[in-house]
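First the structure, in the form of structure tokens, and then the observations on it.
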Amino acid sequence: MIRSLCLAAALAIAAPVLAKDLTPLEQSMSTAQMQAIGRLDIGDTGFCTATLVSSDLVLTAAHCLYDRKTDRRLDVSEFRFNAGLRRGNAVSTLRVKRAAIHPKYIRAKKGELSNMRYDVALLRLSEPVNLFDVASLGVSTPQLGRNVGVVSYARNRADTALTESSCDMSARPEGVFVTTCQAGFGTSGAPVVQIQQGHPRVVSVVSAMAKANGEPVSLAVGVSNVLATLTSAIGS
């Protein structure tokens, strides 16, 4: 989550994206699949990154649903999901009508690895996204030993997501995953994506940035084992 920024208007004319300019992850995903990843605006205080996993369900980090100064749980009316935001323009911007947080997530224990494994939340949008423009991403269990990528927004790139590819991923005993993809303020909730059997799958969401052996890494939370629970809890 990131505090609000004053963003200058983009004056450059958008140029076509050439295949040679795409990262390996972007080459494996369709435009509609890339547009499932968007910026989750949180009132006028900041944003996180989030991913559409069905026509009206968005996956992000649980801590994004709290005021980072007061630890107050924010009302869903304060959220807006901007699907496929690029150069300041979103394919679709929708309100959130309901949210569910992992039942074992404890805000008072933020930052503790034993609690970070539960740092995941699901949001139900006010209406479905048009799946002609946006293709929701499936969720799966990470296959360790294979590369992953992260698509995210952050403080210095708030209006266009950055895609990192070919990152390593390992598991910690606390149930948290470590990736060599880097995180910044605003990357929270970003999807860690792995290509499995030719299809992009969200295998975890970014919870925090950290360092390992002096090198920047991101800490992520598995989602495949809790998605059904969160979907049931959020209701229709």
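Those letters in the sequence shown? Residues -19 to -1, 1 to 217, per mature numbering (1 follows the signal peptide of the UniProt record, and there is no 0), in order.
Cβ coordinates follow ideal geometry from the N, Cα and C atoms, glycine included.
On a predicted model such as this, the values are computed, not experimentally measured, just so you know.
Environment of residue i [buried if 16+ CB atoms lie within 10 Å]
i      : result
Glu155 : exposed
Arg61  : buried
Gln14  : buried
His83  : buried
Ser58  : exposed
Pro197 : exposed
Gln16  : buried
Arg98  : buried
According to DSSP, residues forming a beta bridge with residue i
i           : result
Asn206      : BP columns for Asn206 are empty, so no partner.
Asn70       : Arg67
Phe113      : BP columns for Phe113 are empty, so no partner.
Asp22       : Phe28, Arg61
His180      : Gln177
Cys45       : Partner(s): none; Cys45 has no beta bridge.
Gly195      : Answer by DSSP bridge pairing: none, since Gly195 is not bridged.
Ile82       : Ala102
residue 222 : Since the displayed the chain opens at -19 and closes at 217, residue 222 lies outside it and no answer follows.
Val129      : Cys148
Beta-carbon proximity list for residue i, same chain, < 6 Å, skipping 5 on both sides
i     : result
Ala81 : Leu103, Leu211, Ala214, Ile215
Asn96 : Ile87, Lys90
Beta-carbon proximity list for residue i, same chain, < 8 Å, skipping 5 on both sides
i      : result
Leu21  : Phe28, Cys29, Thr30, Ala31, Val39, Thr41, Cys45, Phe60, Arg61, Phe62, Asn63, Leu104, Gly170
Val204 : Leu40, Val101, Val120, Val183, Val184, Ser185, Val186
Ala74  : Ala is not the amino acid found at residue 74; the sequence shown has Thr there. Hits under 8 Å: Arg61, Phe62, Asn63, Ala64.
Cβ distance (whole Å) where residue i is taken to contact residue j below 8 Å
i      : j      : result
Ser35  : Ser121 : Not confirmed; about 14 Å, so no contact.
Gly19  : Leu55  : About 18 Å; that fails the 8 Å criterion.
Ala164 : Ser199 : 4 Å
Ala139 : Gly167 : 7 Å
Lys78  : Leu33  : That pair is no contact at about 15 Å.
Thr160 : Val173 : 6 Å
Residues near residue i by beta carbon distance below 7 Å, same chain, minus five either side
i      : result
Thr144 : Thr4, Leu6, Glu7, Gly130, Val132
Val207 : His83, Val101
Arg127 : Gln175
Val72  : Gln16, Ala64, Gly65, Asp114, Val115
Lys192 : Val198
Test: residue i CB closer than 7 Å to a CB of chain C
i      : result
Ala214 : The structure shown contains no chain C, having only a single protein chain.
- prompt: Taking three-plus beta-carbon pairs below 8 Å as touching, is the region 77 to 92 in contact with the region 109 to 119?
  reply: In short, these stretches do not touch, since the Cβ pair count stays below three.
- prompt: Can you find at least 3 beta carbon pairs, one from the region 46 to 54 and one from the region 166 to 186, that sit closer than 8 Å?
  reply: Segments in contact, no.
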